[in-house]
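Numbering (our numbering), first residue to last: 1191 to 1279.
Every residue, glycine too, gets a C-beta built ideally from N, C-alpha and C.
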């Protein structure tokens, strides 16, 4: 995955939260419900599917890679700032 659409990911997550909350309210013994039964309980299946699609393993790996690059950049900038401070100081 080369580019993450942060806005789409955020919107999908925000739409999925109420659906996940609905799922958590279902009785524990209702673990094998049909899609129609879930819809009858008010679970937004489309929101869950959209989030699952956007937040797949590729997206998670891309986010972790991006985080690592950002941490490396911050570390190098901190070192540059420290070197400048020693030169000026």
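- The distance from the Cβ of residue 1194 to that of residue 1249 is about 6 Å, consistent with a contact at the 8 Å cut-off.
- Of all C-beta pairs linking the segment 1261–1276 to the segment 1229–1247, fewer than three are shorter than 8 Å, placing the two stretches out of contact.
- Nearest Cα to residue 1199 within the set 1230, 1253, 1226, 1222: 1253.
- Taking all protein chains shown into account, residue 1241 has 16 or more neighbouring C-beta atoms within 10 Å of its C-beta and is therefore buried.
- By the Cβ-count criterion, residue 1209 is buried, with 16 or more other Cβ atoms from all chains shown falling within 10 Å of its own Cβ.
- Judged by DSSP in its simplified three-state form, residue 1271 adopts helix.
- Unbroken alpha helix (DSSP H) runs of no fewer than 4 residues, entirely contained in the segment 1192–1266, are found at 1196–1215, 1225–1230, 1235–1244, following chain order.
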